[in-house]
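For reference, the structure is listed below as structure tokens.
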Amino acid sequence: MDYMAIAADLSVILWVHDYQQSLAVENRHKRRGPTKLADIWALNGSWKIPLPLNDQGQPIGLDGKTFIQWLGTFCYNGLLCPLVLVGWPKVPENYKQDCWTEIEYIIDPDIVKPPDQMGWAMHILGVLRRNWRTKLKKDHVKLGVTKEQLLAKTLHRVMEDQWSKMVNYWFDEKTVTLSNKNKVSQSKQKEIAMSGTQSFAQISDDMVKATGVAVERADVYLKVYHRRDGIGVTPRAQENIVSTF
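Going by my numbering, the sequence shown opens with residue 129, and the numbers climb by one from there.
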């Protein structure tokens with residue numbers, strides 16, 4: 129595989145990975161519930177958080193990291209970002225519009241300038257929501273723990289009715305079968321990024337700040353897909369690294 133082909137593949141990988149990580153003021157406090165980053169939620173709209181964007185309209189820098197963390201707190205409030213239905217695309221549009229209104233209320237207007245910025249932000253929120261659901265399942269669905277035991281639990285960051293629906297969904301026979309199939313597929317995954325919760329856009333920006341020079345997509349790939357010993361995280365990743373560098 130030549131360098132241009134690798135670069136073409138990387139443009140898709142970077143885009144996918146970046147995706148992977150509206151009521152009145154008097155009503156906002158009624159819906160918000162317990163959250164982290166309370167200082168951001170407490171802003172009254174008279175001052176907005178500056179949010180630097182890269183040339184693709186994606187948040188970068190320290191404020192970009194804070195924005196993603198803050199966006200994740202939407203998932204702790206079932207009235208703002210419900211954890212049911214299962215798929216984010218199935219969630220009614222009015223919830224997404226409410227979330228976008230919250231973003232516009234807090235963040236500097238620059239975030240709304242790139243085309244379809246709401247679509248990008250909602251896609252990221254969908255990923256964060258999925259990750260939160262996954263964490264809840266991982267933390268609570270254990271070998272030997274029954275559905276009845278989980279239904280009896282009360283979680284302070286999950287609404288009771290939404291928790292019961294998720295538990296019933298997790299223990300549904302079709303869901304268990306699908307989950308087992310997904311585990312097999314994941315075990316065969318050819319490339320596993322070592323980037324944690326950071327997007328590729330954020331990693332690229334950090335690299336530029338550290339070195340003072342522009343970085344190529346292939347440089348970001350090398351950083352994300354190799355271990356500290358310099359070996360690729362998977363045979364496929366190692367093959368790409370060897371053929372490119």
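The beta carbon of each residue, even a glycine, is placed where N, CA and C say it ideally should be. Fair warning: this is a prediction, and the values are worked out from it, not measured in the lab.
Cα-Cα separation, residue i to residue j
i    : j    : result
G192 : P217 : 24 angstroms
K266 : M246 : 30 angstroms
L199 : K270 : 28 angstroms
R156 : L278 : Low per-residue confidence applies at R156: pLDDT is 48, beneath 50, and the placement is therefore not dependable, though the value from the model is reported in the following sentence. Roughly 31 angstroms separates the two Cα atoms.
T274 : S292 : 13 angstroms
F202 : R261 : 13 angstroms
R258 : N205 : 14 angstroms
R285 : V212 : 14 angstroms
S174 : H251 : 27 angstroms
V153 : K337 : Residue placement at V153 is flagged as unreliable, the pLDDT there being 40, under the threshold of 50; a coordinate-derived value is accordingly withheld.
T305 : D244 : 36 angstroms
S307 : E301 : 10 angstroms
G215 : E221 : 13 angstroms
D137 : H268 : Its pLDDT being 40, under 50, D137 is placed unreliably in this model, and the coordinates cannot settle the point.
K281 : W228 : 31 angstroms
D167 : T303 : 39 angstroms
Neighbourhood of residue i by C-beta, 7 angstroms cutoff - its chain only, sequence neighbours within 5 removed
i    : result
P210 : V219, Y223 and Q290
L179 : P187, D191, G192, F195, I235, D236, D238 and I239
G189 : P180 and D333
M287 : G206
L283 : W291
Residue i - containing alpha helix (DSSP H), residue span
i    : result
R257 : Q245 to H268
E344 : Note, E344: premise wrong, no alpha helix (DSSP H); not H, not E.
V295 : E288 to W298
A280 : Segment: none, A280 is in no alpha helix (DSSP H) and carries neither H nor E.
W198 : G189 to G200
Y233 : E221 to I234
I168 : A166 to W169
Option nearest residue i by Cα separation, candidates the options
i    : options                   : result
L253 : F195, E344 and L190       : F195
M294 : K337, K263, G272 and K309 : K263
G272 : M335, T201, D333 and F299 : F299
E230 : L181, I177 and R285       : I177
N172 : I234, I188 and V212       : I234
E276 : N296, Q330, A338 and M287 : N296
W248 : V304, K337 and Q184       : Q184
Residues of its chain near residue i, where Cβ-Cβ distance is below 8 angstroms and the 5 sequence neighbours each way are ignored
i    : result
K309 : none
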